[in-house]
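Data first, discussion second: the structure below is written as structure tokens.
Protein chains: 2
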Amino acid sequence: MTSPDLFRALADPTRRAVFERLVAGELSVSDLTAGFSVSQPAISQHLALLRDAGLVEERREGRRAFYRAKADGLAPLASWLDRYRTFWPDRVERLKDVLARMDQ
Amino acid sequence: MTSPDLFRALADPTRRAVFERLVAGELSVSDLTAGFSVSQPAISQHLALLRDAGLVEERREGRRAFYRAKADGLAPLASWLDRYRTFWPDRVERLKDVLARMDQ
DNA sequence: ACGTCAAATAAGCAGATACTTATCTAATAT
DNA sequence: ATATTAGATAAGTATCTGCTTATTTGACGT
Chain A
1 MTSPDLFRAL ADPTRRAVFE RLVAGELSVS DLTAGFSVSQ PAISQHLALL RDAGLVEERR
61 EGRRAFYRAK ADGLAPLASW LDRYRTFWPD RVERLKDVLA RMDQ
Chain B
1001 MTSPDLFRAL ADPTRRAVFE RLVAGELSVS DLTAGFSVSQ PAISQHLALL RDAGLVEERR
1061 EGRRAFYRAK ADGLAPLASW LDRYRTFWPD RVERLKDVLA RMDQ
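Sequence order for the protein chains is A and B.
Start counting the first sequence at 1; every next residue gets the next number (this note's numbering).
Start counting the second sequence at 1001; every next residue gets the next number (this note's numbering).
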């Protein structure tokens, strides 16, 4: 029982791309729209779905809306993955990689 | 650029459940079908999609087909996650958890 | 007050998706 | 050989999804 539609939210390529941009930093809906080849309503719809999945949060400023990735949004996905982490063979190596990257 | 339809493959709840059972151990299509409330063709279709996504592999024995989760099937997902791992705050704690679990 | 701009919502549509039943293929059993 | 069994494939269908254009809501500028 991973937050059931976390996978679904990330399944669409455009929506995943929207999320990835918001990990890089906060953006307004217009800024976001400018970066994609779909309409503003399409972006708003993606954002609503991402918000419902707990992946982004919203800050409102006047008539503009700023979105950013939610810090712990991916945590359920990480936990789900951890359940199966013991499954693949090179798990120790992977972990060392992560540690190495963190030590920098 | 995560193997593009890994998320898609896991987005459907039934299909994800099929995969999770196969992580627990190899099963024939009949065994698998018995555990779900959908038809055998539906299961076969899910298996085909999971295979295309690199999540399961197939072993054929006479007229039966046995499926099992592929060891490194989730690796692309893990790499994708790693890119955003630095993003949430309790990353050190998470990692300690994983290590603790592995030491057992 | 009035026009404009940012974003959300409504309505509709074409294509995708998850299922079904029916059929096919191939291996086994009698 | 024939019947049976396991699984895949075909074809059809209802629902879901991602998009579009049109409209609405609300904040801002003049």
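Just so it is clear, CB atoms sit at the ideal spot from N, CA and C, and this is done for glycine as well.
Check                                                                                                      : Outcome
Rounded C-alpha distance that separates PRO1013(B) from GLY62(A)                                           : 40 angstroms
Any C-beta of chain B under 9 angstroms from that of PHE36(A)                                              : no
Residue-level contact to chain A via CB, PHE1066(B), 9 angstroms cutoff                                    : no
DSSP-derived helix/strand/coil call for ARG1063(B)                                                         : coil
Between the CA atoms of VAL23(A) and VAL38(A) - distance to the nearest angstrom                           : 20 angstroms
Nearest neighbour of TYR67(A), chosen from ARG8(A), ARG16(A), LEU32(A) [CA to CA]                          : LEU32(A)
Close beta carbons around LEU1077(B), own chain, < 6 angstroms, minus the five adjacent residues each side : LEU1006
Residue range of the alpha helix (DSSP H) that includes ASP1052(B)                                         : 1040-1052
Simplified DSSP assignment, three categories, for LEU1074(B)                                               : coil
Rounded straight-line distance, which links the Cα of SER30(A) to that of LYS1070(B)                       : 42 angstroms
9 angstroms Cβ cutoff, ASP5(A) in contact with chain B                                                     : yes
Cutoff 9 angstroms: LEU1047(B) Cβ touching any chain A Cβ                                                  : no
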